[in-house]
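K.L.:
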Amino acid sequence: MIGASCKNNDRELVVGKIQQASDLVTAEFVVDKVVFGKKSKKVFFIPVNEASFLAYSQAKIKTGIDLNRITESDIVIDGTKISISLPPIEVINFSYPPDKFVEDTLISNPNRFLNNISLEDQEEFFRMAETDIRESLPYLGIVKTSQEHTRKMMHSLLKALGFNEIYISFQDDGLKIRQVTINDPVDSVTPK
């Protein structure tokens, strides 16, 4: 039935089969990041001492495409030949796990006389490092690698659906980064 549908130009079936996969993760990247921060103590505008913090961290980024964004107009079928225009590569998942944070105790000097780097200071250094990683994503070669992996996976899927001649392009060569919205927690206890 799938082979017959390809010959009958049944794009609806092909779109439905592709969209069943929803988010297609095609590549995973690991980015190592050195986190460095300094905190100076000044007395009357004169630097007295400087505390420093150095740690290593790691971010994991999964990229792919949102197959739900494919429409019938993105697919052209002619017998066993198919041309498909895929949505742009996007970051499906970004994680910056704290268990991958390792402080370098040989270089770090967080406890200086009258000047300590607090846990809040360290958290701020890690937040700045995460922001730096996120801002660097479009320049790390992620799009090209993800497009290559996506082409291979889609080629295999379309071959399994009975197509012999397969043309795959992308609507955009940019990297789409999903924005995460954090809502305020809802208080489940109502005062009486």
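Per this note's numbering: the sequence shown = residues 83 to 274. All C-beta atoms, glycine included, are put in the ideal place defined by N, C-alpha and C.
1) Nearest-angstrom Cα distance between G146 and S228?
2) What residues in its chain sit with their C-beta under 7 Å from that of D156, if we drop five residues either side in the sequence?
3) Give the list of continuous alpha helix (DSSP H) stretches no shorter than 4 residues that lie fully inside the region 133–162.
4) Just list the residues that DSSP pairs Y249 with in beta bridges.
5) Report yes if the CB atom of P169 is closer than 7 Å to the CB atom of G256, and no otherwise.
6) Are D186 and L243 close, meaning C-beta to C-beta below 7 Å?
7) Determine the contact status of E154 and K258, defining contact as a CB-CB distance below 7 Å.
8) Consult DSSP for D186 and reduce its assignment to one of helix, strand or coil.
9) Helix, strand or coil, according to DSSP, for F207 in the structure here?
10) Label K115 either buried or exposed according to how many other C-beta atoms from any shown protein chain fall within 10 Å of its C-beta, with 16 as the threshold for buried.
11) So, are the CB atoms of I174 and D105 less than 7 Å apart?
12) Assuming contact is defined by CB atoms lying nearer than 7 Å, are F207 and V117 in contact in what I supplied?
13) Return yes when the Cβ of S134 is within less than 7 Å of the Cβ of K70, no when it is not.
14) Which residue's Cα is closest to the Cα of S122: D203, V112 and M236?
15) Cutting at 6 Å between CB atoms, please list the residues of its own chain near V158, excluding the five before and the five after it.
16) Return yes when the Cβ of E212 is within less than 7 Å of the Cβ of Y178, no when it is not.
17) Within the continuous beta strand (DSSP E) that includes S177, where are the two ends?
P.N.:
Judging by the given coordinates:
1) Here the question's residue 146 lines up with position 64 in the sequence shown. Here the question's residue 228 lines up with position 146 in the sequence shown. Cα to Cα, G146 sits roughly 6 Å from S228.
2) The residue you call residue 156 lines up with position 74 of the sequence shown. If we look at D156 and ignore the five residues flanking it on each side, its Cβ neighbours are I166 and S167.
3) DSSP runs (the alpha helix (DSSP H)) wholly in the region 133–162: none.
4) As a working note, residue 249 is residue 167 in the sequence shown. Bridge partners of Y249: S165.
5) Locating residue 169 in the sequence shown gives position 87, counting from the first residue. Locating residue 256 in the sequence shown gives position 174, counting from the first residue. Going by C-beta atoms, P169 is not nearer than 7 Å to G256.
6) Residue mapping note: residue 186 aligns to position 104 of the sequence shown, counting from 1. Residue mapping note: residue 243 aligns to position 161 of the sequence shown, counting from 1. In this structure, L243 does not lie closer than 7 Å to D186 by Cβ.
7) Translated into the one-based positions of the sequence shown, residue 154 becomes position 72. Translated into the one-based positions of the sequence shown, residue 258 becomes position 176. No, the pair does not count as a contact, with Cβ atoms beyond the cut-off.
8) For the purposes of this step, residue 186 is taken as the residue at position 104 of the sequence shown. Coil, per DSSP.
9) One-based indexing of the sequence shown puts residue 207 at position 125. DSSP places F207 in helix when its eight states are reduced to three.
10) Taking the sequence shown and counting its residues from 1, one reaches residue 115 at position 33. Flag for K115 reads buried.
11) Counted from its first residue, the sequence shown places residue 174 at position 92. Counted from its first residue, the sequence shown places residue 105 at position 23. It is a contact, given that the beta carbons lie within the stated cut-off.
12) Locating residue 207 in the sequence shown gives position 125, counting from the first residue. Locating residue 117 in the sequence shown gives position 35, counting from the first residue. Contact flag set, yes.
13) Nothing can be reported for residue 70, as the shown portion of the chain is limited to 83 through 274.
14) Within the sequence shown, residue 122 is the residue found at index 40, counting from 1. That would be D203, whose Cα lies nearest to the Cα of S122.
15) Stepping through the sequence shown from its first residue, residue 158 is reached at position 76. Only S165 meet the Cβ criterion.
16) The residue you call residue 178 lines up with position 96 of the sequence shown. The residue you call residue 212 lines up with position 130 of the sequence shown. Result yes, Cβ atoms of Y178 and E212 sit closer than 7 Å.
17) Working through the sequence shown from its first residue, we reach residue 177 at position 95. Taken as a continuous stretch (DSSP letters only), the beta strand (DSSP E) holding S177 covers I171 to S177.
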